[in-house]
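Asks: Sharing a structure with you now.
2 protein chains.
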Amino acid sequence: MTPRKAAPPTRERGRDAYHHGNLPEALVLAARRLVRERGAKGFSLADVCRAAGVSVAAPYRHFASREELLAALAARGFEELGAALSAALEEGDGIADALARMAGAYLAFARRRPAEYALMFANSAGVLLPEGTRTRAGPTAYDRRAARGGEAHRHARHAQQLGSALFRLVVARLAEQASTPAERALFAGDGGRRTVSAFWALCHGVAALGVARHLDREWLDPALVVDRLVAPWLAGLVGRDAR
Amino acid sequence: MTPRKAAPPTRERGRDAYHHGNLPEALVLAARRLVRERGAKGFSLADVCRAAGVSVAAPYRHFASREELLAALAARGFEELGAALSAALEEGDGIADALARMAGAYLAFARRRPAEYALMFANSAGVLLPEGTRTRAGPTAYDRRAARGGEAHRHARHAQQLGSALFRLVVARLAEQASTPAERALFAGDGGRRTVSAFWALCHGVAALGVARHLDREWLDPALVVDRLVAPWLAGLVGRDAR
DNA sequence: ACGTCATGTTAATGACGCTAACATTGGGGG
DNA sequence: CCCCCAATGTTAGCGTCATTAACATGACGT
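In structure tokens, the structure reads:
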């Protein structure tokens with residue numbers, strides 16, 4: 001959007017064929033490997049550089065900071081989680097079944113990639129600092145470079161949450177599958193987003209407490225989560241609206 | 001517990017009257033202030049020392065690492081949260097009301113102390129590293145000192161979760177307030193712990209997503225959380241067991 | 001009075017995040 | 001066809017941090 005001057009014609013944007021051969025991708029992959037091996041805090045940007053075989057200053061051509069590299073990794077995590085949820089949604093037969101499958105997929109993701117999952121919600125800039133704070137004011141060196149060279153990069157920014165596209169898809173698909181007026185009412189208009197948000201909170205609660213080892217082992221079983229949380233919640237909602 | 005040799009008779013353990021006058025407490029308070037002002041990652045151990053007016057090496061007489069100081073802070077957070085939950089529990093009239101009040105207290109805590117809440121669940125050693133990993137093996141200097149001088153310190157360790165004491169209290173109190181057989185069944189035996197765990201997951205899901213700004217503003221209202229999550233969930237559970 | 005041990009300080013170490021200044025490379029316009 | 005330039009990567013260096021060892025101090029019991 002907003003093409004100030006005609007875009008350079010022949011070269012494709014960040015596909016491959018760079019010096020290194022797509023360093024941003026290599027960095028994200030290296031970071032992901034380290035996150036899986038050593039946990040979300042168990043590595044440094046320097047480690048990532050060593051793993052990718054570049055100097056410690058190289059990442060700053062593509063990412064404004066270590067935080068932004070991790071944000072890119074988190075964004076990738078959200079994409080994968082979204083894909084898993086979409087797949088589960090499509091397999092579902094009826095609202096209750098679809099929600100149960102999605103909960104299973106959600107919890108499976110968190111259990112198989114605990115460090116990445118924790119990272120996705122450890123959005124330090126947005127979460128851990130109060131409202132408008134920035135650790136260091138003023139544009140960073142990366143910003144100055146980026147300002148000069150058009151708009152260039154941006155590897156994070158996208159999908160810093162479960163994209164609203166996915167949200168809309170889930171609402172629409174569940175609305176289709178509704179078989180009673182009460183079920184339909186749950187996904188009509190803005191209420192649909194509300195219902196899905198509640199479902200997300202439900203899944204995230206179990207996933208986050210589970211990853212943090214605050215819950216008994218039994219909660220690793222999606223069947224228990226569905227039986228003691230998802231199903232009762234849905235039944236309660238439907239039952240009330242039916243009355 | 002396990003008093004190897006008779007404890008030193010006259011001096012009280014870590015009350016006050018040290019060189020500094022209870023440095024551990026001063027450090028925790030300074031850290032808490034910085035967490036509230038600058039967020040969970042917006043400060044360094046050196047900053048805490050400057051705020052407390054001691055040298056950067058002083059904390060290591062009382063805490064093994066920066067992580068352990070933050071753990072102590074988190075433990076304090078869990079204590080406060082537990083107290084708020086207990087108070088709400090006692091005010092409740094009936095299970096549904098008690099749970100609604102506890103949910104309100106829980107969400108209020110997370111909303112009023114977002115950085116501390118995030119910290120409480122960012123237990124890096126336990127959460128963010130895979131199973132048995134340690135960043136650096138071998139006993140630290142603090143460990144060696146502590147091994148020599150009996151068992152000495154320990155400011156964290158306690159209450160790294162919502163204490164099981166609180167858990168038992170909640171289960172017992174709710175079991176008393178149950179007015180139907182179905183409600184009573186929810187809190188009988190191990191099932192009680194399960195039910196309260198589910199409730200915790202529910203609250204944590206909304207609180208964590210809310211703190212991370214992943215939910216719409218409307219979810220800041222406890223009434224909505226109760227109406228769309230807590231109440232339906234409870235009604236669903238009770239309704240099913242009643243059948 | 002004294003010595004001892006808890007408590008705190010000074011100084012030093014290695015790693016890290018980040019920046020500026022310099023080097024290289026590959027593709028497109030003259 | 002070649003050269004220029006911008007994108008990409010490197011080297012060197014700065015300030016900070018967490019952590020440690022070695023040293024200082026002072027309160028308390030003997």
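Read top to bottom, the protein sequences are chains U and W. Heads up: the first sequence runs through residues 1 to 243, numbered per the numbering used here. Heads up: the second sequence runs through residues 1 to 243, numbered per the numbering used here. A virtual CB, placed ideally from N, CA and C, is assigned to each residue, including glycine. Everything numeric in this text was worked out from a predicted model, so none of it was measured.
(1) Kindly indicate which three-state DSSP category U/Ala57 falls into: helix, strand or coil?
(2) Is the distance from the Cβ of U/Val206 to the Cβ of U/Val170 below 8 Å?
(3) Determine the contact status of W/Ala105 and W/Ala88, defining contact as a CB-CB distance below 8 Å.
(4) Residues in the same chain with beta-carbon distance under 7 Å from W/Cys49, minus the five sequence neighbours each way, listed in chain order, please.
(5) Determine the contact status of U/Gly210 and U/Ala110, defining contact as a CB-CB distance below 8 Å.
(6) Report the option in W/Asp93, W/Leu174, W/Arg240 and W/Ala212 whose CA atom is closest to the CA atom of W/Glu116.
(7) Whose Cβ in chain U lies nearer than 9 Å to the Cβ of W/Arg113?
(8) Counting Cβ pairs closer than 8 Å, one from the segment 83–101 of chain U and one from the segment 228–240 of chain U, do we hit at least three?
(9) Between the segment 171–189 of chain W and the segment 67–82 of chain W, can you find at least three pairs of beta-carbon atoms closer than 8 Å?
(10) Would you say U/Phe121 reaches chain W, if we count a Cβ-Cβ gap shorter than 8 Å as a contact?
(11) If we cut at 8 Å on Cβ distances, does W/Arg32 have a partner in chain U?
(12) Ordered along the chain, which non-local residues of its own chain (more than five positions away) have a Cβ less than 6 Å from that of W/Ala26?
(13) Does W/Arg112 pass the burial test, meaning 16 or more other C-beta atoms within 10 Å, or should it be called exposed?
(14) Nearest to W/Asp244 by CA position, among U/Glu68, U/Glu218, U/Thr140 and U/Phe78, is which residue?
(15) Could you compute how far the alpha carbon of U/Leu234 sits from the alpha carbon of U/Cys203?
(16) Name, please, each residue of chain W whose Cβ falls closer than 7 Å to the Cβ of U/Arg228.
(17) What's the gap between the Cα of U/Phe78 and the Cα of U/Gly92?
(18) Could you tell me whether any Cβ in chain U is nearer than 8 Å to the Cβ of W/Val206?
(19) If W/Ala72 sits next to U/Ala122, beta carbons under 8 Å apart, how far is it from one beta carbon to the other, in whole angstroms?
(20) Comparing the C-beta of U/Gly236 with each C-beta of chain W, is any distance below 8 Å?
(21) Taking 8 Å as the CB-CB cut-off, is W/Gln161 touching chain U?
(22) Does DSSP classify U/His20 as helix, strand or coil?
(23) Hey, W/Ala201 and W/Phe187: beta-carbon distance below 8 Å or not?
(24) What residues in the segment 205–225 of chain U have a beta carbon less than 9 Å from any beta carbon of chain W?
(25) Enumerate in chain order the residues of its own chain whose CB-to-CB distance from U/Ala185 is below 8 Å, with the five nearest sequence positions on each side excluded.
Replies: Answer, in terms of the structure:
(1) coil
(2) no
(3) yes
(4) Ser55, Val56, Ala58 and Pro59
(5) yes
(6) W/Ala212
(7) Going along chain U, no residue has its Cβ under 9 Å from W/Arg113, so there is no contact; the nearest lies around 11 Å.
(8) yes
(9) no
(10) yes
(11) no
(12) Ala52
(13) exposed
(14) No answer is possible for residue 244 of chain W: the residues shown for chain W start at 1 and end at 243.
(15) 13 Å
(16) Arg194 and Ala198
(17) 21 Å
(18) yes
(19) 20 Å between Cβ atoms; not a contact.
(20) yes
(21) yes
(22) coil
(23) no
(24) Gly205, Val206, Ala207, Ala208, Leu209, Gly210, Val211, Ala212, Arg213, His214, Leu215, Asp216, Glu218, Trp219, Leu224 and Val225
(25) Gly191 and Asp241
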